[in-house]
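Only one structure is covered here, and it is reproduced in the block below.
Protein chains: 2
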Amino acid sequence: MNLSSRQIDAFLALAVSLSFTRAAAQCHLSQPAFSALIRSLEEGLGLRLFDRSTRHVSLTSEGEDFLVAARRIRIEMDAALSSMKSTASLERGRVSIALLPSLSAGWLPNVLRQYRSAHPGIEISIADVLSEPCIELVASSKADFALAAVRVDTPELCASPFCSDGFHLVCRRDHPLAKISLTTGHGARTTSQLSALAAWPFIHMARHSSVRQYLEAAFHPQVMRTVMEVEQLATVAGMVRAGLGISVIPTLTAFHFKHPDLITRPLPLPGLTRQIYLVRRRDRGLSVAAQALHDHIVHHRPPSE
Amino acid sequence: MNLSSRQIDAFLALAVSLSFTRAAAQCHLSQPAFSALIRSLEEGLGLRLFDRSTRHVSLTSEGEDFLVAARRIRIEMDAALSSMKSTASLERGRVSIALLPSLSAGWLPNVLRQYRSAHPGIEISIADVLSEPCIELVASSKADFALAAVRVDTPELCASPFCSDGFHLVCRRDHPLAKISLTTGHGARTTSQLSALAAWPFIHMARHSSVRQYLEAAFHPQVMRTVMEVEQLATVAGMVRAGLGISVIPTLTAFHFKHPDLITRPLPLPGLTRQIYLVRRRDRGLSVAAQALHDHIVHHRPPSE
DNA sequence: CGATCTTACGGGATTCGTAAACATA
DNA sequence: TATGTTTACGAATCCCGTAAGATCG
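As given, the protein sequences belong to chains A and B, one line each in that order.
Just so it is clear: in the first sequence, position 116 is 116 by this note's numbering, and no numbers are missing.
Just so it is clear: in the second sequence, position 267 is 1267 by this note's numbering, and no numbers are missing.
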């Protein structure tokens, strides 16, 4: 038999009010339609649930048994419906994203603050890791989507361009490079600018970082004077401030280097543009909460350079 | 929104099989109809529950949440439906009746044995008490119906004739009355028969018993030679056997007096017929189990005299 | 006779199944 | 191309509301 929530509601309304007329009104039905609904329930169960005469309505013995069962069904239905409703309306939910530290520290917080104030009930999980683990997290469904510097295109994953990020030179305020102008150039002009930079002791990021990859490719075949390799941008800042060398860092992370002793300047060299992709699974759509964050993030994507 | 068991079943079938075609067959629906059912559920909830392409079907994040809720709803529904089904089919239930001891000891057991073998799962409660408490139990809904010697007719209760019960003389085999013939009589004949009985020492039931009431009325205005008043028929039997007196007992209880030392003989006197009524509440119908017992009892009612 | 539940019935919405269109591996 | 989902659409069914009927106090 088919048992509908309307039948349950009708039964409960009648069991409480013990009046077809009032219960019908409560269910927003005409009284005959309501009567038919109760009858269909009774026929489906094969039992009379109410003793009724024109003047009196009361639960039968079987109706009393069904009352407790109907209440339990109603409770489960209400729980399911309200849970789904709050999920659909973004009152509750969870979303997990993975993205580069360069994005997570500077650009993300403000964007996320807006999202959170709009949907305070949604739990957010952030994995601020390098591109490779970002992809891993999405591939293993531990993250809903990722912002990473790798264009993946597998049966499982796909990437779409998200934004492009330039690079900034960073050096001490008293460094000779702080004075010279860096302009967009082509050919020989570019080569000479690269030479000017390559001449100075350089603080590098670790080899597996996308920043390092881009720099190696852009400066090739020039050999750079690597002073050291570090993992964290904060360490780069400290080293440069101590006068151990210069560095080149993504524009998105330039805010880390706002310091009286330091200068950051755009490095508008061709090829020195890091592309950042939004990576997601091919098969699964995003959850409601993830889709909302996705839309919000895309809407507030950083300015591309 | 309206949530039906068909939607729940469709969702669960699809969540398990992850194939519209197979799930549709399982639900005895054409595949497009099944697809529409799933869509109606998703639209009702305002959420996509499945990610589907032509080659792959999988639960969304929200669908996984709904899966646990749907299972709980299904469990409650199944519990309710199976409980109601077993009640309707008389596999389970309870029935409570009140009836006179004269009926409960002799006639009832065999009738009840048949009922019980047909419906072994139904709990039966018997109150073998005198007419007044019988009525009380029905009036207070502690008994579904009663068999008693009182014709009640109140706003709450109504009585219908059930059977009529004659009376038997009981005396020792060596008693003078054991020899004489007792025939149906009228007028003077009756009076003389009554006189013949009233002459002997008599073992009476207590004043509040219906048997005593009938005897007092039938013998009036003759004065009986009351030896003693007792409560139980078994005591009457013992007293008569000891030669302390004779007695008159309902035909339905005559089996109590089958003893080598005793004689029981019908007492076909006009007015000496006890009417037994089936008493039930006016407002409430009988439960399924009670109705079945009612029908069975009426069908096997004792032969009226 | 008044209040209330049931039956009767016409119109409208829902739902079904068949067939065609569409999408993916 | 083959499998499987969605769309299109006519037909059957279900459901609702109005109106009339029945029943009890």
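Backbone N, C-alpha and C define an ideal beta-carbon position, used for all residues, glycine too.
For clarity, every value in this text was computed on a predicted model and none was experimentally measured.
With respect to L278(A), H256(A) sits apart: the two C-beta atoms are not nearer than 7 Å. The C-beta distance from L1269(B) to Q1193(B) rounds to 7 Å, short enough to meet the 8 Å contact threshold. Only those residues of the segment 1236-1249 of chain B whose C-beta falls short of 7 Å from the nearest C-beta of chain A would be listed, and there are none. Taken through DSSP and simplified to helix, strand or coil, I124(A) comes out as strand.
Put simply, the backbone Cα of S1141(B) is about 20 Å away from that of I1276(B). In the DSSP assignment, T1021(B) falls within the alpha helix (DSSP H) that extends over 1020-1026. By the Cβ test, the segment 50-70 of chain A is not in contact with the segment 1101-1117 of chain B, since fewer than three Cβ pairs between them sit closer than 8 Å. Here D144(A) is buried. Its C-beta has 16 or more other C-beta atoms within 10 Å. Between A254(A) and L286(A), the alpha-carbon positions lie close to 32 Å from each other. N1002(B) sits away from S89(A), with the two beta carbons spaced by 7 Å or more. Residues of chain B whose Cβ lies closer than 8 Å to the Cβ of D51(A) are, in chain order, D1283, R1284, G1285. A Cβ-Cβ separation of about 16 Å leaves C1171(B) out of contact with V1230(B) under the 8 Å criterion. Under the Cβ criterion of 7 Å, G121(A) is not counted among the residues facing chain B. Less than 7 Å separates the beta-carbon of A1149(B) from that of R1274(B).
Residue-level contact by beta carbon fails for N1110(B) and chain A, as no gap is shorter than 7 Å. Rounded to the nearest whole angstrom, the CA to CA distance from S96(A) to A10(A) is 42 Å. F1202(B) has T1226(B), I1246(B) as its beta-bridge partners, per DSSP.
Residue contact with chain B for G46(A): present (Cβ-Cβ distance below 7 Å to some residue of chain B). In this structure, P1133(B) is the residue among P1133(B), A1178(B), A1139(B), R1006(B) with its C-alpha nearest to the C-alpha of H1208(B). Shown here, P161(A) sits in a strand according to DSSP, grouped into three states. With 16 or more other Cβ atoms from the protein chains shown falling within 10 Å of its own Cβ, M77(A) counts as buried.
In the three-state scheme derived from DSSP, where H, G and I count as helix and E and B as strand, V1016(B) is classed as helix. Between L1100(B) and R1281(B) a beta carbon distance of about 19 Å is seen, past the 8 Å cut, so the two are scored as non-contacting.
Not a single C-beta of chain A is nearer than 7 Å to the C-beta of S1125(B). Judged by beta-carbon spacing, Y115(A) lies within the 7 Å limit of H296(A), meaning their Cβ atoms are closer than that value. Taking R1225(B) as reference, the option from A1206(B), P1201(B), A1242(B), G1245(B) with the minimal CA-CA separation is P1201(B). Checking the DSSP bridge columns, you'll see V1279(B) partnered with A1146(B), A1159(B).
DSSP places S1058(B) within a strand segment (E or B) once states are collapsed to three. The three-state secondary structure of D295(A), taken from DSSP, is helix. A check of alpha carbon separations from F50(A) across R22(A), Q26(A), L18(A) identifies L18(A) as the nearest. Distance between H1175(B) and D1261(B), taken at the CA atoms: about 10 Å.
In the DSSP assignment, V1129(B) falls outside any alpha helix (DSSP H), carrying neither H nor E. Counting the other Cβ atoms within 10 Å of the Cβ of G63(A) gives 16 or more, which makes it buried. Residues of the segment 163-181 of chain A that bring their beta carbon within less than 8 Å of a beta carbon in chain B are absent altogether. Contact of F66(A) with chain B by beta-carbon distance below 7 Å involves A1080, M1084.
Of all residues in the segment 1016-1047 of chain B, those with a C-beta nearer than 7 Å to a C-beta of chain A are L1045, G1046, L1047, reading in chain order.
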